[in-house]
């Protein structure tokens with residue numbers, strides 16, 4: 001499939017960020033899916049999902065976060081967020097949404113955030129829900145609850161120098177240190193072999209989650225438009241899901257805030273990267289069906 005690449009400028013510091021477009025829609029366009037990728041990875045990894053969404057009638061756009069993928073520069077190196085920090089990363093995603101909407105007026109825009117990208121999506125939706133026809137959260141969590149659990153179990157000083165993602169592999173087989181991502185060994189091997197994946201973040205992401213009280217504040221959640229459909233999709237064996245409890249808490253918060261259409265889908269035994277899991281075809285088909293029902 002044809003993948004087009006470009007750049008856009010961050011409103012926070014004018015940093016050039018790489019962006020991707022997959023527009024091979026065979027017929028009428030039903031909507032747009034903007035993918036916001038996770039930590040220590042990049043948007044080109046979502047080409048297979050983009051192909052499925054294109055076939056279903058959805059244009060797909062994504063960008064590489066600051067310090068990730070083709071957005072890595074001498075100014076903002078691998079695993080760093082630069083001077084604007086986490087707020088800059090969140091603002092970049094909103095700016096890209098507005099650019100997508102400007103170039104595609106009247107086309108419903110769905111936001112799909114995975115892992116760290118889902119955390120950014122949770123935050124940006126508080127103030128920008130009018131931009132989106134729907135929100136999809138993959139590999140997500142209740143940030144404050146996950147941070148509390150991690151901090152309670154961590155030795156003093158852990159995380160002060162950054163975020164070591166391999167720590168999530170505790171409890172899984174130790175073939176590569178990234179078995180927590182998927183049961184599909186070939187997909188894990190591709191991740192390990194990718195020079196743009198698997199690095200440690202220079203930012204303490206657990207600290208970011210612990211300090212982010214907005215996404216758990218009922219007053220802030222009440223600002224999300226009640227008609228915004230939300231899909232939370234997760235693997236039961238994803239460490240971020242907390243055995244299903246943390247993603248259930250996340251979905252329940254949206255329901256308690258008055259959002260009328262909240263769907264929680266948890267797949268038994270599936271791990272963190274559900275779109276790279278052994279049952280990825282079933283998961284992707286469910287996501288596409290959800291999109292079709294809300295377009």
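Residue numbers (the UniProt record's numbering): 1 to 295. Ideal placement from N, C-alpha and C gives every residue a C-beta, glycine not left out. Computed from a predicted structure; not experimentally measured.
DSSP state of residue i, grouped into three classes?
i           : result
residue 69  : helix
residue 17  : strand
residue 284 : helix
residue 289 : helix
residue 5   : strand
residue 213 : coil
residue 96  : helix
residue 245 : helix
residue 171 : coil
residue 32  : strand
residue 10  : coil
residue 178 : coil
residue 52  : helix
residue 109 : strand
residue 132 : coil
residue 298 : Here the chain comprises residues numbered 1 to 295, so residue 298 is not present and cannot be evaluated.
residue 208 : helix
residue 146 : helix
residue 45  : helix
residue 296 : Residue 296 lies beyond the residue range present for the chain, which begins at 1 and ends at 295; the question has no answer from this structure.
residue 276 : helix
residue 224 : coil
residue 127 : helix
residue 189 : helix
residue 240 : helix
residue 196 : coil
Which word fits residue i, buried or exposed, when buried means at least 16 other C-beta atoms lie within 10 angstroms of its C-beta?
i           : result
residue 123 : buried
residue 268 : exposed
residue 215 : buried
residue 319 : For the chain, the structure presents residues 1 to 295; residue 319 sits outside this window and is missing.
residue 163 : buried
residue 188 : buried
residue 211 : exposed
residue 113 : buried
residue 258 : exposed
residue 7   : exposed
residue 87  : exposed
residue 260 : exposed
residue 282 : exposed
residue 186 : exposed
residue 48  : exposed
residue 182 : buried
residue 1   : exposed
Assuming residue i and residue j are in contact, meaning their beta carbons sit under 8 Å apart, how far apart are those beta carbons, in whole angstroms?
i           : j           : result
residue 198 : residue 178 : 7 Å
residue 31  : residue 105 : No, residue 31 and residue 105 are not in contact; Cβ-Cβ is about 13 Å, not under 8 Å.
residue 21  : residue 4   : 4 Å
residue 81  : residue 33  : The Cβ separation is near 24 Å, so there is no contact.
residue 89  : residue 120 : 6 Å
residue 251 : residue 262 : 5 Å
residue 75  : residue 15  : 7 Å
residue 79  : residue 201 : 5 Å
Could you pull the DSSP bridge partners for residue i from this structure?
i           : result
residue 22  : 60
residue 297 : Residue 297 lies beyond the stretch modelled for the chain, which goes from 1 to 295, so this question has no answer here.
residue 263 : 231
residue 138 : 114, 233
Any chance the CB of residue i is under 7 Å from a heavy atom of the ligand GTP?
i           : result
residue 145 : Absence of the ligand GTP is noted for the structure shown, with no ligands found whatsoever.
Pair every Cβ in the stretch 59-79 with every Cβ in the stretch 35-46, then say whether three or more of these pairs are closer than 8 Å. yes
Cβ pair count under 8 Å reaching 3, the stretch 17-32 against the stretch 53-65: Three or more Cβ pairs drawn from the stretch 17-32 and the stretch 53-65 lie within less than 8 Å of each other, which places the two stretches in contact.
Does the stretch 204-212 touch the stretch 242-253, meaning 3 or more C-beta pairs lie closer than 8 Å? no
With contact counted as at least three CB pairs below 8 Å, one residue from each stretch, are the stretch 272-280 and the stretch 137-144 in contact? The stretch 137-144 and the stretch 272-280 touch, with three or more beta-carbon pairs separated by less than 8 Å.
Do the stretch 221-230 and the stretch 82-98 meet, that is, are 3 or more Cβ pairs less than 8 Å apart? no
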